[in-house]
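Line by line, the protein sequences give chains A and B. Quick note, the first sequence lines up with residues 153 to 367 if you use the working numbering. Quick note, the second sequence lines up with residues 57 to 283 if you use the working numbering. Step one of this worksheet: look at the structure below.
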Amino acid sequence: MGRPHGRRRDRMRSAVIGIGFMAGAALLLIAAGWTSSWESIHTAARDIRTVQAAFTQEKHLQILAQPLLSRGRLIFAAPDRLRWEYEAPLASVLLMDEGRVQRFVKTGETWTEDASAALPAMSFVMQEIGRWMNGRFDENPDFEARLEPGGRIVLSPRKEALSKVIQKIVLQLADTPGVIESVTVYEDDRNFTRLHFTDVAVNQPVDPALFKHHP
Amino acid sequence: MKRFLLPLLALLIMACHSLPPLVPAEQVPVDVRTDCEAAFPHRAWRMVHTITTDLPGGRKGVMLGVVSLAPDTDTIECALLSIEGLRLFEARDDGTITIQRALPPFDRPALAEGMMQDIRMLFFPPGGKPITTGIRPSGNPACRYVLADGFLDVIRTPEGIFILERYDRRQRMIRRAEISACRPPGVEDNGTVPCRIHLEALGSNAYRLDLELVEARPVLDKQGSGP
């Protein structure tokens, strides 16, 4: 495998894994500014300083009769700090702080750094979050954004290569302004991940240490 | 002196990893074969395990592994997920391996075949009867099966842990697994499943994996509806 090809693969892998993982989180943030048009989304998103929410995650797989359930908590502080924490079934936490990305996993009674995550992918995602936080969906080179009636946002990959990995991402905004009901990442029609957000708090104080340390 | 020590060391290592004798002994329990077969699930299950692998620098790599086993049709479906749930790899093996999805770095051609071989070793009893049962040098009772490409020893320790050792045709150990079985909560009547697995692959592409059960559900009907 030649180096240019390797770079393309790395870049693609970064895009794919990063987007697949973080789309839900990042889109929660932008959706936290409740609106019915891109303009007002843009305006509202500019006012977001922090977002905190609990989430449940359903992983629907064709080979599983019932979805695999996870739960956790999300904490974001603009412009680029994120804590994405799973409490069950596998305790893990992803920390992004001023460009540094780390993931820790609890194995047994100890927390260890997890290296299976493609950290370059996380850096890539950080750039995307920056765009989304400002409501600049049209500047995302990888997805085409469509705002539908009823507070539904659909993101579709622009490139065929990416669409083979992620078919689309669908956000359903809640009736309450600033609150999102769910984010669904479709890998295909029969395999998808749905995140339900609850207890969303916008612009509440957040301890900066939460972005630096695992539990 | 070193000239002699190094080959000797290599010889000793090889000896440790070669097929040991299995001594038929009168003290072998009559149900040793039943004990050996207890190492494997005996019905269709869907299971989710965390998979942890050691990486350089003391770091860990962690994923989720999903397997759907249908012993009656000799079919395996499996998927690897990131912690966040992104499907990195999915394949089916019903005699022919079909890869449904393989994102880098899980798109290496040999990976699917190796993964299916590991899953078969861990979850499916080897076909046929053991060629012999007896006592291993460790003192533990064991069954020895002939595979298409080598041998498999199934050993049960006094602590109830199953040890699987797979050898190639040249009688070199290529896989070793320690399995602790348990009854998943809520499905007590459906037998045991592997709850903790430590798998070592030996040789030039060595790796070590630790699997821990997240959930297991028996497959209740042909349509695949679990409880």
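Idealized CB from N, CA, C, for every residue including glycine.
- Residues of chain B with a Cβ closer than 9 Å to the Cβ of Pro-241(A) are, in chain order, Val-104, Thr-106, Leu-120, Val-270, Glu-271.
- By the CB criterion at 8 Å, Gly-224(A) and Glu-239(A) fall inside the cutoff.
- From the beta-carbon of Ser-244(A), the residues of chain B found nearer than 8 Å are Val-118, Ile-139.
- By the criterion of at least three beta-carbon pairs nearer than 8 Å, the segment 147 to 158 of chain B is in contact with the segment 168 to 183 of chain B.
- For Asp-341(A), the nearest beta carbon of chain B is not closer than 8 Å to its own beta carbon.
- The C-beta of Pro-293(A) has fewer than 16 other C-beta atoms within 10 Å across all chains shown, which makes the residue exposed.
- Annotation: Cβ neighbours of Gln-209(A) in chain B (cutoff 7 Å, chain order): Gly-141.
- When only Cα atoms are considered, Ile-139(B) and Asp-341(A) end up about 21 Å apart.
- Uninterrupted beta strand (DSSP E) stretches at least 3 residues long and entirely within the segment 211 to 261 of chain B occur at 218 to 224, 229 to 238, 249 to 257, given in chain order.
- Contact check for Val-257(A) against Leu-234(A) fails: the beta carbons are separated by 8 Å or more.
- Each of Gly-303(A), Ala-267(A), Val-322(A) was checked against the Cα of Trp-190(A), and the nearest Cα belongs to Gly-303(A).
- Ranked by Cα distance from Glu-271(B), the first of Gln-218(A), Thr-345(A), Thr-208(A), Glu-300(A) is Gln-218(A).
- With three or more CB-CB distances shorter than 8 Å, the segment 203 to 220 of chain A counts as touching the segment 334 to 351 of chain A.
- Using a Cβ distance threshold of 8 Å, Ala-204(B) and Arg-231(B) do not count as a contacting pair.
- In this structure Ile-132(B) does not touch Met-103(B) by the C-beta definition: roughly 11 Å separates them, more than the 8 Å allowed.
- Listed along the chain, the chain B residues whose CB falls inside 7 Å of the CB of Asp-359(A) amount to none; the nearest CB is some 24 Å away.
- For Asp-249(A), the enclosing beta strand (DSSP E) covers residues 244 to 249.
- Only those residues of the segment 192 to 213 of chain B whose C-beta falls short of 9 Å from the nearest C-beta of chain A would be listed, and there are none.
- Rounded to whole angstroms, the gap between the alpha carbons of Gln-324(A) and Asp-249(A) is 28 Å.
- Distance from the Cα of Leu-265(B) is smallest, within the candidate group Tyr-223(B), Pro-186(B), Met-119(B), for Met-119(B).
- For Leu-178(B), the uninterrupted alpha helix (DSSP H) segment begins and ends at 165 to 179.
- At a Cβ-Cβ threshold of 8 Å, Pro-197(B) and Val-79(B) do not count as neighbours.
- For Glu-239(A), no alpha helix (DSSP H) encloses it; the enclosing beta strand (DSSP E) starts and ends at 233 to 240.
- For Arg-148(B), the secondary structure class from DSSP, reduced to helix, strand or coil, is strand.
- Taking the Cβ atoms as the reference, Leu-269(B) lies roughly 6 Å from His-105(B), within the contact range of under 8 Å.
- Across the segment 125 to 136 of chain B, CB contacts with chain A closer than 7 Å involve Glu-133, Ala-135, in sequence order along the chain.
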